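In our numbering, the protein residues as written are 3 to 622.
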């Protein structure tokens, strides 16, 4: 078995590569695939890592834009920056992805998804994307996968960093931070701001919709860790995001300025203790909050207010055995919802999760076995599990196979939303008779990796029972579809040829409702991306292409969304050792496309050809 200790892996897990190199890191460490540090090359699960260097290299201004270029992910939005966005991972629903910030949930228990549009990219150091069922590790909602976001942390000696950007639609971005070590204390303080005039959220000549729908976001984060003695540390993490976005609303019959104020924050205290050479204990207690207040013609006085508070307690124990690592974990979650416009019959629920995970990496063999028992105050008990095996055929080629189960409990809105009539646009009401969704997934992969090349092919079959979806777009009510089946093949590659770097991915999906044989809403059969970059001297040139096939905006497949293709480019120039400037060109061909329709059948707008320029100060 490899001799890397758990403690040393924890130290490696958050290391950051140097700027302007795109070497494949054969010793990269991840934590999301097993909730314990492990070498990425030994992971059985399908995992993508987006490190700080890649975030800077792409030049994206929002998290939604960054995720849209990743394998296995499709994004829809209801307008420009800050508007409601949904993520579909491997063809599953938008509520089938667990999003964590430094280990904490911040999703809305009423909507059942996370407001990705409100998470500022300027606060992010690293992202790990786990594709496939993960309820045996993370509990409810992890049918499609997990996205774990790590905020910026310390970087050795005390250093300052800053970023300023300006672009089309009067978009302004500013980030600044300071981080470092003072004796036994590591700290990082970061603040970020994004403001844009954007464009009209709905693509129409209707005078009620022809105004620009602006967005602003201000966020800051604090991370502090103090080493008490060797092997023992305590810490504090905090992230706060405050935003406002204007939007177009089908319910407004005059030129009413609709907007929504949002707040998200996560706060945690943690303690990591290496009690013995073979026992590492980690305790984390925290709270994640999602809050919104919406103002439009149908709002109550003071705006429609919704708030989800999630109190979380995790106690994880990693035991290094003579062969492998055993993890035993308690995962406690208490959810509370509040609203001034909706009277929910049930406003709280709690969940106790108990996890056992065994991880083995021995010579050419890898094994991961996990089981979880969830006791939920609303839905009773749920048991999930997974089994994965990997075999290293030779130093470069590796094959894996796995089976896993997952589940999603209905949201508060699914169950208890009171009947509401939206006039000519239909009605919506909850359904207290809903059953939890359950899934069974089997997959196999073949991977190749050396210092210059990666290749990956993953085939999967995911069967979802009791899938929750709206029965009819006009008289909308969530119902349990008998069954949905998602078959898929995901291909990805990267290649370094001297100063030339190539990369790309291709996803082939068949996400269908078994009863109607129709495609699931807003999911494409084919989605692909490709990128090329070239370094010479202090310059870097990059080209990126993204394409998607036809999708449908409704369950009956009556309202289609045309396929599209986009071409983007970046130019980077290193002014000095610590200063650099980047120009990003988006949608160079000025393509008009839509990712969704509103209740009135109007297409949500997407950005046309635009440009954004960043200047960055980042000491090595």
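We put the CB at the ideal spot given by N, CA and C, even for glycine. These numbers come from a predicted model, not from an experiment.
Check the DSSP bridge columns for residue i and list the partner residues they point to.
| i | result |
| --- | --- |
| residue 158 | Paired residues: none, contrary to the question. |
| residue 190 | 181, 225 |
| residue 480 | 472 |
| residue 392 | 368, 402 |
| residue 360 | 328, 371 |
| residue 333 | 316, 355 |
| residue 277 | Paired residues: none, contrary to the question. |
| residue 542 | 537, 574 |
| residue 505 | 496, 533 |
| residue 376 | 355, 384 |
| residue 606 | 204 |
| residue 340 | 309 |
| residue 293 | 265, 309 |
| residue 130 | 51, 150 |
| residue 165 | 177, 618 |
For residue i, tell me which candidate among the options has the shortest Cα-Cα distance.
| i | options | result |
| --- | --- | --- |
| residue 66 | 454, 109, 225, 122 | 122 |
| residue 596 | 618, 561, 461, 572 | 561 |
| residue 606 | 487, 250, 182 | 250 |
| residue 610 | 520, 97, 568 | 568 |
| residue 59 | 580, 544, 420, 602 | 544 |
| residue 204 | 546, 260, 225, 375 | 260 |
| residue 214 | 227, 200, 299 | 200 |
| residue 573 | 426, 551, 485, 546 | 546 |
| residue 452 | 497, 441, 563, 317 | 497 |
| residue 583 | 167, 120, 57, 161 | 167 |
| residue 557 | 541, 308, 515 | 515 |
| residue 588 | 184, 246, 170, 128 | 170 |
| residue 364 | 334, 377, 325, 335 | 325 |
| residue 542 | 503, 555, 517 | 503 |
| residue 339 | 419, 80, 274, 238 | 419 |
| residue 40 | 96, 416, 394, 362 | 362 |
| residue 115 | 602, 148, 153, 104 | 148 |
Can you list, in chain order, the residues of its chain with a C-beta nearer than 7 Å to that of residue i? Leave out the 5 residues immediately preceding and following it.
| i | result |
| --- | --- |
| residue 17 | Interpretation of residue 17 is limited by its pLDDT of 35, a score under 50 that renders its predicted location unreliable; the figure taken from the coordinates is listed afterwards. So the list is empty, once near-sequence residues are dropped. |
| residue 320 | 8, 38, 282, 327, 329 |
| residue 423 | 429 |
| residue 483 | 469, 471, 515, 517 |
| residue 577 | 583 |
Could you check how far apart the C-beta atoms of residue i and residue j are, in whole angstroms? I think they sit under 8 Å.
| i | j | result |
| --- | --- | --- |
| residue 407 | residue 390 | With a Cβ gap of about 13 Å, residue 407 and residue 390 do not count as contacting. |
| residue 445 | residue 134 | 6 Å |
| residue 535 | residue 507 | Rounded, the Cβ-Cβ distance is 15 Å, inconsistent with contact. |
| residue 216 | residue 243 | The Cβ separation is near 17 Å, so there is no contact. |
| residue 379 | residue 352 | 5 Å |
| residue 310 | residue 88 | Actually they do not touch by this definition, with Cβ atoms about 17 Å apart. |
| residue 565 | residue 552 | 5 Å |
| residue 191 | residue 182 | Not really, about 10 Å apart at Cβ, beyond 8 Å. |
| residue 139 | residue 374 | 7 Å |
| residue 73 | residue 492 | 6 Å |
| residue 156 | residue 188 | 4 Å |
Kindly list the residues whose CB is nearer than 6 Å to the CB of residue i, restricted to its own chain and excluding five residues on each side of it in sequence; keep chain order.
| i | result |
| --- | --- |
| residue 173 | 198 |
| residue 457 | 450, 495 |
| residue 312 | 107, 290, 337 |
| residue 288 | 106, 269, 270, 314 |
| residue 14 | The predicted position of residue 14 is uncertain, since its pLDDT is 36 and thus under 50; a value taken from the coordinates is nonetheless stated next. Closer than 6 Å at the Cβ level, and outside the excluded window around residue 14, lie 31. |
| residue 194 | 122, 124, 125, 177, 221 |
| residue 150 | 34, 102, 130 |
| residue 23 | Only weak support is given to the placement of residue 23: the predicted model assigns it a pLDDT of 46, under 50, and the value that follows is read from those uncertain coordinates. The answer is none, since no qualifying residue turns up. |
| residue 438 | 381, 409, 411 |
| residue 233 | 276 |
| residue 42 | 30, 32 |
| residue 266 | 108, 120, 243, 292 |
| residue 415 | 112 |
Is there at least one non-hydrogen atom of the ligand HEM closer than 8 Å to the beta-carbon of residue i?
| i | result |
| --- | --- |
| residue 158 | Among the components of this structure there are no ligands whatsoever, and the ligand HEM is therefore not found. |
In chain order, what residues of the same chain have a beta carbon less than 8 Å from the beta carbon of residue i, not counting five sequence neighbours either side?
| i | result |
| --- | --- |
| residue 280 | 321, 322, 323 |
| residue 80 | 86, 87, 203, 249, 598, 600, 606 |
Taking CB distances under 9 Å as the criterion, tell me whether residue i reaches chain C.
| i | result |
| --- | --- |
| residue 360 | Although the question refers to chain C, the structure presented lacks it and comprises just one protein chain. |
| task | Let me know the beta strand (DSSP E) ranges lying completely inside the stretch 76-119, each 3 residues or longer, listed in chain order. | result | Within the stretch 76-119, complete beta strand (DSSP E) segments of at least 3 residues are found at 87-91, 99-103, given in chain order.
| Sequence ranges, beta strand (DSSP E) only - wholly within the stretch 430-459, length at least 3 | Fully enclosed beta strand (DSSP E) runs of 3 or longer: 439-451.
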